[in-house]
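Same order as they appear, the protein sequences are chains A and B. Going by full-length UniProt numbering, 172 is the number at position 172 of the first sequence; the sequence numbering is gapless. Going by full-length UniProt numbering, 143 is the number at position 143 of the second sequence; the sequence numbering is gapless. Cβ atoms here follow ideal geometry from the backbone N, Cα and C, with glycine treated the same way. Since this is a predicted model, take the numbers as computed values, not measurements.
There are 2 protein chains.
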Amino acid sequence: MRVMGVDPGLTRCGLALIETAPGRAVTALDVDVVRTSADEPLERRLRAVHEVADEWMAVHRPDVVAIERVFAQNQVSTAMGTAQAAGVVAMAAAYRDIPVAFHTPSEVKAAVTGSGRADKKQMTLMITRILGLQKPPSPADAADALALAVCHSWRAPMQGRVAALDAQVSRSRAGFQAKVVKGRAAAATEAADAGRARGGTGSADQERARAAARAMARTKGVRW
Amino acid sequence: MRVMGVDPGLTRCGLALIETAPGRAVTALDVDVVRTSADEPLERRLRAVHEVADEWMAVHRPDVVAIERVFAQNQVSTAMGTAQAAGVVAMAAAYRDIPVAFHTPSEVKAAVTGSGRADKKQMTLMITRILGLQKPPSPADAADALALAVCHSWRAPMQGRVAALDAQVSRSRAGFQAKVVKGRAAAATEAADAGRARGGTGSADQERARAAARAMARTKGVRW
C-alpha cells in the first residue's frame, strides 16, 4: 500500500510517500516541502499548495492520503491557514477518489515514538531509524509528513480490525434480536391458540402462556 | 463590475452575484446556497463546495470574489470547516486569476446597515431594501452572501482611493528625501571646497559649513 503523508501549512507544507509491506515494514519513496511566501495573497498560496499536492497524487497514485488534523486552539494566528492548506489537499484527494484519513499530532507521536508527548528531536530520531534513512529528514515538516504516513500505515490495519469486530458484533446482536422477536411472536401465537382451543377459559394454559411471554420479555431485555 | 459574494460554510455556503453601477447602485443577479451533509467525509464536502463555486465563476465571470473572513475565535467547533470552505473558494478564484477580497462580518454589517453590530434581522431587512428585492432572501446565508458582495462594491472604491492617496504620499516623501540627501551632499561639498580654498584653516568658513550641515541634518530629521 502507498501512503501519502501530509504535514499541512502555508509557509511550509510537508509531503511524503511511503510504501508499506505486510507487518510493520515501511519504505520512504519520496519527500518534499512546498514553500509559499507570506507576501503572496492567501488564495495564491493555497493554489500553490494544491498544485504540488495534486501533482504528487497524479504521479505517485497513493492508495490513501493521511493528513494531520488541525485544531483551532493551537497557534490561533496560523491555525486557519494551516487548516485551509489541509483542506485543499484533502479536496484534491476527493477529486481523485483517494480516501483521506486525519490523525492528530499526538496519535502520530504515539504511533512513531510510543509517547503522545514526544518532542521534535525524538520524532526525527525515530522516523530516521524506522525508515532506515542515512540522515535525519530536514526540515521538520518533511519528518512530520513521513511520520504521518508511518502512523497511518500502522494504525489503519488496527482501525480496520476494530471496524471488522464492530461489524461482527452488530451482526450478532441483530441476529440475536431477530431470534428474540421471532420467539416472542411464536410464544404469543401459541398462547392465543391454547386459549382458543380451550374455549378461552383454560386458566392453567393461559398462565403458562403468560409465563412464556414474561420469560421472552426478560430475554429481550438483555443487553450486551 | 460584477462582484461575487461568498458566505462560506460546509453545511450551507451562500453564493451571490451582483452588478454594480457608478455611484452606489447595485443589482442582484443570482443567489444560491450550496448544502452538504455532515454525514459526508470532510474532503467530499469541500469538493462539493468547490465544484459549485467554480461552476459559478465559470458561468458568471465575476470581476472579483468577496469572501467573509473567518476567525478561529468564533464558534470553534465549525470555524475550521468554515475556513476550509472559504479556502477552496478562494483557491478556485486564484486558478481563474480572479482577485479575492476578504471582509470581516463587522465590516459587512457596517457597510450595509451603518452599524457593525447589526443583528441578522436588520441585515436581511437592509439588504432587501438596498437591492429592491420583492421578498427577503432566505436562508440567512443567501442574504449574507448578497451583503458581502454589496459591502465589497461599496468599500472597494474607497479602498482604491485610500491606496491611491497612500501611493501619492509615498512618492512625495521619496521626492522630498531625495532633495534632502542632494542638499546635504551639496552643502558638505561646498564646506569641504571652502576649507581647501583657505588652506584648511579658515575657522569662520568651517563654522559656516558645520552650521549648514547641522541645518541639513535638522531638515532631514523632519517627518510627516
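- For ALA167/A and MET158/A, the gap between their C-alpha atoms comes out near 14 Å.
- Residue pairing by DSSP places MET4/B opposite LEU17/B and VAL65/B in a beta bridge.
- Within chain A, LEU42, GLU43 and LEU46 have C-beta atoms less than 7 Å from the C-beta of ALA90/B, given in sequence order.
- Scanning its chain for C-beta atoms nearer than 7 Å, with the 5 sequence neighbours on each side dropped, one finds around ALA145/B the residues GLY5, VAL6, ASP7, GLY14, LEU15, ALA16 and VAL31, in chain order.
- Judged by DSSP in its simplified three-state form, LEU148/A adopts helix.
- Rounded to whole angstroms, the gap between the alpha carbons of LYS135/B and GLY9/B is 24 Å.
- Residue pairing by DSSP places ALA94/B opposite no residue, since no beta bridge is assigned to it.
- Remark: three or more beta-carbon pairs, one from each stretch, lie closer than 8 Å, so the stretch 91-106 of chain B and the stretch 30-46 of chain A are flagged as touching.
- Classified as buried, GLU68/B has 16 or more neighbouring CB atoms from the shown chains inside 10 Å of its CB.
- Going by beta carbons, VAL3/A and ALA149/A fall inside the 7 Å limit.
- Cα atoms of ALA66/B and ILE18/B: separation of roughly 11 Å, rounded to the nearest angstrom.
- Under the three-state reduction of DSSP output, PHE71/B falls in the coil class, being neither helix nor strand.
- For THR36/B and GLY183/A, the gap between their C-alpha atoms comes out near 43 Å.
- Pairing ALA79/A with VAL76/B, the inter-Cα distance amounts to about 11 Å.
- At a Cβ-Cβ threshold of 7 Å, VAL26/A and SER138/A do not count as neighbours.
- One Cα belongs to LEU131/A, the other to GLY114/A, and the distance between them is close to 16 Å.
- For HIS50/A, the nearest beta carbon of chain B is closer than 7 Å to its own beta carbon.
- One finds LEU46, GLN84, GLY87 and VAL88 in chain B with Cβ atoms closer than 7 Å to the Cβ of GLY87/A, taken in chain order.
- In this structure, ALA86/A lies away from MET123/A, with their beta-carbon atoms at least 7 Å apart.
- For ALA83/B against ALA83/A, the beta-carbon gap comes to about 5 Å, under 8 Å, which counts as contact.
- Between MET80/A and chain B, the shortest Cβ-Cβ separation is below 7 Å.
- ALA110/A is outside the set of residues whose beta carbon lies under 7 Å from a beta carbon in chain B.
- Secondary structure in the stretch 71-143 of chain B: the alpha helix (DSSP H) runs of 4 residues or longer, each lying completely within the stretch, are 76-95, 105-113 and 120-130 in chain order.
- Per DSSP, the continuous alpha helix (DSSP H) segment holding ARG47/B begins and ends at 42-60.
- The beta carbons of ALA118/A and LYS109/A sit closer together than 7 Å.
- Taking C-beta atoms under 8 Å as the contact rule, ALA21/B and LEU133/B fail to qualify, at a distance of about 17 Å.
- For the stretch 95-121 of chain A, residues whose beta-carbon sits nearer than 7 Å to a beta-carbon of chain B comprise TYR95 and VAL100.
- In the three-state scheme derived from DSSP, where H, G and I count as helix and E and B as strand, THR36/A is classed as coil.
- Per DSSP, reduced to three states, the secondary structure at LEU29/A is strand.
- LYS120/B is positioned such that its CB atom lies closer than 7 Å to that of ALA140/B.
- Comparing alpha-carbon positions, the option among SER172/B, HIS103/B, THR128/B and ALA111/B lying closest to PHE71/B turns out to be HIS103/B.
- Put simply, the CB of ALA194/B is far from chain A, with every gap to its CB atoms at 7 Å or more.
- In the structure shown, the three-state DSSP call for ARG24/B is coil.
- Close to chain B, meaning a Cβ-Cβ distance shorter than 8 Å, is no residue of the stretch 159-191 of chain A at all.
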